[in-house]
Amino acid sequence: MELSSFKGRIMGSSLAFWCPLLHLLLLVLVMCAQGIAGRKLTEEQLETTHKLMKPMDQKIQAHHSSSHMDHMDPSHMIFFTIKDLKVGKTMPVYFPKRDPSKSPRLLPRSQADSIPFSSKQLPHLLEFFSFSKDSHQAKAMEDTIGQCEIEPIKGETKFCPTSLESMLDFTRSMLGPNTRFTAVATAHLTNSTTLFQNYTILKEPKEIFAPKMVACHSMPYPYAVFYCHSQQSVNKVYKVELGGEDGDRVDAVAVCHLDTSDWSPDHASFSVLRIKPGTSPVCHFFPADNLVWVPTSTSV
Ligand SMILES: *[C@@H]1O[C@H](CO)[C@@H](O)[C@H](O)[C@H]1NC(C)=O
Ligand SMILES: *[C@@H]1O[C@H](CO)[C@@H](O)[C@H](O)[C@H]1NC(C)=O
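Numbering-wise, the sequence shown is residues -38 to -1, 1 to 262 according to mature numbering (1 follows the signal peptide of the UniProt record, and there is no 0).
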């Protein structure tokens, strides 16, 4: 495989990938895991941020210095408790808003697999993408690869797919070979540019059938890379209709982790919610570029 043949195309869209205000255009496959039949493509606009990725996972959290957790970063304002999930509840929430034309490209597996993805290869990769080793881009690539190489915590399985095909393979291996599954994601219904504001829950939140789930967070990288993970502990997934103070409307996807007793006390959610590990379920909204894979409700 000639790397240089598609290098130009990747680079064209990647020059700003480290910027936290980026979009990702992604084909979401609604697929039948039993195989070939029943495959349907829907196109969704998805957004990406790396800042939001970090509070999602305690292992990643632990990897970072806890000092920046001490003050309230607005991008951590995605957490709430399960008691907040009711009509009329108002809470401050951070949702990144970005320009979809600048999203990192999702590569076909054949191309993605021909590019190494490992910290040992970082110098070679920086050369390949023509980033100096002191650049923001180099730092972002190093961070992303580093987060992908951290061992999962107890009860967690993680994988960083670099193509849609490998994301689907991982999801199938987590949800079971005979389970049909689909992706749900937060959708922005208006063009509000406010990143952080109070939102009110407009309708009774709907629980999404999800005895098992795989959450995939987009990562900053010159092409689309996701951090996907699945936990054994019990989670509940919800669709929540939110209305912002400025008229913004968001069909948000949220997850509630019912057991947080294995989480690091440094996890950002505990300082935001002022609770201790294991004392209460912790919920959070997903930014629009994240994909949450769940079985379809007709799965057996
Ligand atoms: C948002 O803006 C785009 C482009 O300006 C427009 O096509 C689209 O209809 C707008 N959407 C809403 C919900 O206003
Ligand atoms: C949300 O509303 C509260 C109460 O009115 C206000 O104090 C707070 O500043 C608002 N937060 C944001 C992010 O606008």
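All residues carry an ideal CB built from backbone N, CA and C; glycine is no exception.
Can you tell me whether residue i is buried or exposed? The criterion is at least 16 other CB atoms within 10 Å of its CB, across all chains shown.
i      : result
LYS238 : exposed
VAL202 : buried
PRO85  : exposed
GLN73  : buried
HIS25  : Any reading at HIS25 is ruled out, since the residue's pLDDT is 32, under 50, leaving its predicted position unreliable.
PRO227 : exposed
GLN194 : exposed
VAL256 : buried
HIS98  : exposed
GLN109 : buried
PHE93  : buried
ASN197 : buried
PRO243 : buried
SER63  : exposed
PHE232 : buried
PRO66  : buried
THR222 : buried
VAL49  : exposed
LEU151 : exposed
PHE158 : exposed
LEU220 : exposed
THR241 : exposed
Would you verify that the beta carbon of residue i is, or is not, closer than 7 Å to some beta carbon of chain C?
i      : result
GLN109 : The structure shown contains no chain C; it holds only a single protein chain.
Taking the alpha carbon of residue i as the reference point, which residue from the options has its own alpha carbon closest?
i           : options                           : result
ALA216      : PHE247, VAL146 and GLN99          : PHE247
SER37       : ARG134, PRO184 and PHE57          : PHE57
LEU68       : SER135, SER223 and TYR183         : TYR183
PRO249      : PHE232, SER97 and MET181          : MET181
residue 273 : VAL212, ILE115, PRO243 and VAL176 : Shown here, the chain extends from -38 to 262; a query on residue 273 therefore has no answer.
residue 272 : TYR161, THR133 and THR148         : Any property of residue 272 remains undetermined from this structure, which presents the chain solely from -38 to 262.
PHE79       : ILE163, CYS178 and THR106         : THR106
CYS178      : ASN252, ASP96 and SER94           : ASN252
VAL212      : LYS59, SER65 and ALA230           : LYS59
PRO54       : GLY240, TRP255, LEU235 and SER259 : LEU235
SER259      : ARG71, SER97, ALA172 and GLY209   : ALA172
ILE112      : SER81, THR241, PRO66 and THR156   : SER81
THR155      : GLY209, PRO114, MET129 and ASN197 : GLY209
LYS174      : SER192, LEU157, ILE163 and THR162 : SER192
GLU127      : ASP75, GLN159 and PRO114          : ASP75
THR162      : GLY138, ASP35 and LYS51           : LYS51
GLU207      : ASN160, CYS218, ASP221 and THR241 : ASN160
MET39       : GLY240, VAL254 and HIS229         : HIS229
residue 273 : CYS245, TRP225 and ASP224         : Beyond the ends of the chain as shown, which are -38 and 262, falls residue 273; an answer cannot be given.
GLN83       : GLU104, ASP96 and GLU118          : GLU104
State the beta-bridge partners of residue i as determined by DSSP.
i           : result
LEU87       : The partner list for LEU87 (beta bridge, DSSP) is empty, contrary to what the question assumes.
GLU207      : The partner list for GLU207 (beta bridge, DSSP) is empty, contrary to what the question assumes.
VAL212      : HIS150 and LEU204
HIS179      : TYR189
ASN160      : PRO54
CYS218      : LYS198 and CYS245
residue 264 : Outside the modelled stretch of the chain, which goes from -38 to 262, sits residue 264, for which no answer is possible.
GLU169      : TYR200
Report the three-state DSSP secondary structure of residue i (helix, strand or coil).
i       : result
SER72   : helix
GLU127  : helix
LYS64   : helix
SER259  : coil
GLY108  : helix
MET53   : strand
ASN252  : coil
CYS(-7) : Confidence in CYS(-7) is poor, its pLDDT being 28 and thus under 50, which makes the residue's placement unreliable; the coordinate value appears in the next sentence. Residue state, collapsed to three classes: coil.
ALA145  : strand
VAL196  : coil
LYS101  : helix
PHE132  : helix
PHE41   : strand
ASP224  : coil
LYS95   : coil
PRO36   : helix
LYS238  : coil
PHE232  : helix
PRO114  : coil
LEU47   : coil
LYS82   : helix
The stretch 173 to 193 / the stretch 117 to 131 touching (three or more Cβ pairs under 8 Å): yes
Within 8 Å, do at least three Cβ pairs link the stretch 42 to 55 to the stretch 82 to 99? no
Could you tell me whether the stretch 155 to 173 touches the stretch 202 to 212, where touching means 3 or more Cβ pairs closer than 8 Å? yes
What residues does ligand 3 have around it, judged by CB closer than 7 Å to any heavy atom, in chain order? No copy of ligand 3 occurs in the structure displayed; its ligands are ligand 1 and ligand 2 alone.
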